[in-house]
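Single-structure report; data block below.
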Amino acid sequence: MKKIHIAMLLILLLSSFPFSASAKGEENVNKAKQDRMALYKKTAAAAGLPWYYLAAIDQYEHNLPTQSKEEKLIAIEIPEEKWFGAASHGQLADESSILWFQGLGRDGDGDKQADPDNPEDVLYTMASFIQRIGTTKNDIKIALWHYYERDLTVQTIMNTAKLYEKFGTIELDKRSFPLPLHHNYSYRNTWGDARGFGGRRIHEGTDIFANYGVPVYATTYGVIELKGWNLYGGWRIGLRDSNNIYHYYAHLNGFEKGVSVGNVVKPGDVIGYVGASGYGPPGTSGKFPPHLHYGMYKDNGRSEFSFDPYPYLRIWEQKSKQQKREG
Ligand SMILES: [Zn+2]
C-alpha cells in the first residue's frame, strides 16, 4: 500500500508540473499504464479471473464524464452504500465490519482495512464481487449486469475485454483514416447541417465523397456491434472502441466478406465498400452521390450522444499520411 501511495503521489506531483517537453508527459502516461497493468494482473490472479475483464471495467469507468479529473491509478468508483453496506453511515473501514454489514468493500493489500480510496482495495473489491458469482465469461457478464444494471455498459465492457484479450495489451490508441489515401475522396465539415429526408433531422456525421467500391477501413480497434440495413443509413455497420465510442458507417455498397457482429477489428481492416445505399427499403441505392457517412457517438453511462467526427478525421488523415511517408 505504501509503495502505491508513493507512486500515486509521484504521479500527481509530476503531472502538476508544466513540463514543456511532451515526451516527459508521455513517459508518465506509459508508466501509469504499466502500473495499472501490473495491478490488474496481480488482482486478477488473486481472484482467479482473467486480467482483461478487470482492465475493461476500469477503462469503462475511466471514460465516464463523472470521472474526477485527478489522475488515479484505478478509475473504478464504488458507491459508498455499496462499499460499506448497512454500515455506510458509520463508515467503518475494517473489512470484518463491512462484511458484517454486507458491504462489498474488501481489503486488497492485506492491511485489514477496506479503504475505498485505496486502488488495490477498490480493484480487489470489484474482482471479489465478480468471483463470488463465478469466473466463466457468462458468470462475469451476469455479475456486470448485477453491478451496473445497464445492457450497453455490460456490452461495452465485454467488448473492451475482448479487445484486450485478443491484442494482449491495453495500449490500443492507433487510429486510421476510413478510406485508402491513394483514392480520390473529399470531405468538409457538415456536422449539424439540416437534412430533408425523413423529416427534420440534423446531420450527425461527416460525408466523405468517393467512388463506388472504394474500400472502407476500421478507424480504430473495436468490436463490430451492428451490421445490416436501415432506412436512412442503407447498408451500415457500427463498431465500438475501448473509449466507449461507437463508430457508425453508412450508405455502403456492401460489406467485406466474413465481417460479422462480434468480430474484432483493428485500424486499417477492410470492413465494407463505399456506396449510395439508403433512403428507402432494403436495396435502395443511387438517391445521392456515393459517399461514406461517418458518425461518432459517445456513451456517457446513461445515454449516447453524437459529436462531430470532422476534427478526428483530419487528425487520422494526417497521421495516416505520416505513417505512409515513414513506410
Ligand atoms: Zn452523411
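Residue numbers (mature numbering (1 follows the signal peptide of the UniProt record, and there is no 0)): -23 to -1, 1 to 304.
Glycine included, every Cβ here is placed at the ideal spot set by N, Cα and C.
Item                                                                                                                                                           : Value
Please report the residue range of the beta strand (DSSP E) in which TYR101 lies.                                                                              : It is not in any beta strand (DSSP E) - TYR101 instead sits in the alpha helix (DSSP H) that spans 96 to 110.
Going by other Cβ atoms of all chains shown within 10 Å of its Cβ, with 16 needed for buried, is PRO(-6) buried or exposed?                                    : At PRO(-6) the pLDDT is 40, less than 50, meaning the model places this residue with poor confidence; the figure from the coordinates comes in the next sentence. Exposed, since its Cβ has fewer than 16 Cβ neighbours within 10 Å.
Can you give me the Cβ contacts of ALA70 inside the same chain, cut-off strictly under 7 Å, excluding the 5 residues immediately before and after it?          : GLN90, ALA91 and ASP92
In chain order, what residues place their C-beta within less than 6 Å of a heavy atom belonging to ligand 1?                                                   : HIS180, GLY182, ASP184 and HIS270
Given ASN136, which residues of its chain have a CB within under 6 Å of its CB, disregarding the five upstream and five downstream residues?                   : VAL200 and ARG217
Return the residue from the list ASP94, GLY257 and SER105 that minimises the CA-CA distance to LEU76.                                                          : SER105
Tell whether a beta-carbon distance below 8 Å holds between THR183 and TYR271.                                                                                 : yes
Could you name the residues that DSSP lists as bridge partners for ASN207?                                                                                     : GLY211
Only counting runs of 3 or more residues, tell me where the beta strand (DSSP E) segments fall wholly within the segment 145 to 192, in order along the chain. : 162 to 164 and 183 to 187
Looking only at its own chain, which residues have a Cβ that is under 8 Å from the Cβ of LEU100, when we skip the five neighbours before and after it?         : LEU16, TYR17, THR20, LEU31, ASP35, ILE51, ILE53 and GLY85
Quick check: the Cα distance between VAL285 and GLY111, rounded to an integer number of angstroms?                                                             : At residue 285 the sequence reads Asp, which differs from the Val that was named. Each residue's Cα considered, the two are about 41 Å apart.
Would you mind sorting PRO155 into buried or exposed? The rule is 16 or more other CB atoms within 10 Å of its CB.                                             : buried
What alpha helix (DSSP H) runs, 4 residues minimum, are completely inside the segment 15 to 51?                                                                : 28 to 39
Let me confirm a value: ILE214 is counted as buried when at least 16 other C-beta atoms fall within 10 Å, else exposed. Which label applies?                   : buried
Once DSSP output is grouped into helix, strand and coil, what is the label at GLN132?                                                                          : helix
Look up PHE265 in the DSSP assignment and say whether it is helix, strand or coil.                                                                             : coil
Between the segment 235 to 244 and the segment 262 to 271, do three or more beta carbon pairs fall short of 8 Å?                                               : no
Can you tell me whether TYR194 is helix, strand or coil according to DSSP?                                                                                     : strand
With DSSP collapsed to three states, give me the class of LYS243.                                                                                              : coil
Between TYR164 and ALA33, what straight-line distance do the alpha-carbon atoms span, to the nearest angstrom?                                                 : 34 Å
Would TYR162 and ALA187 be called neighbours here (beta carbons separated by less than 8 Å)?                                                                   : yes
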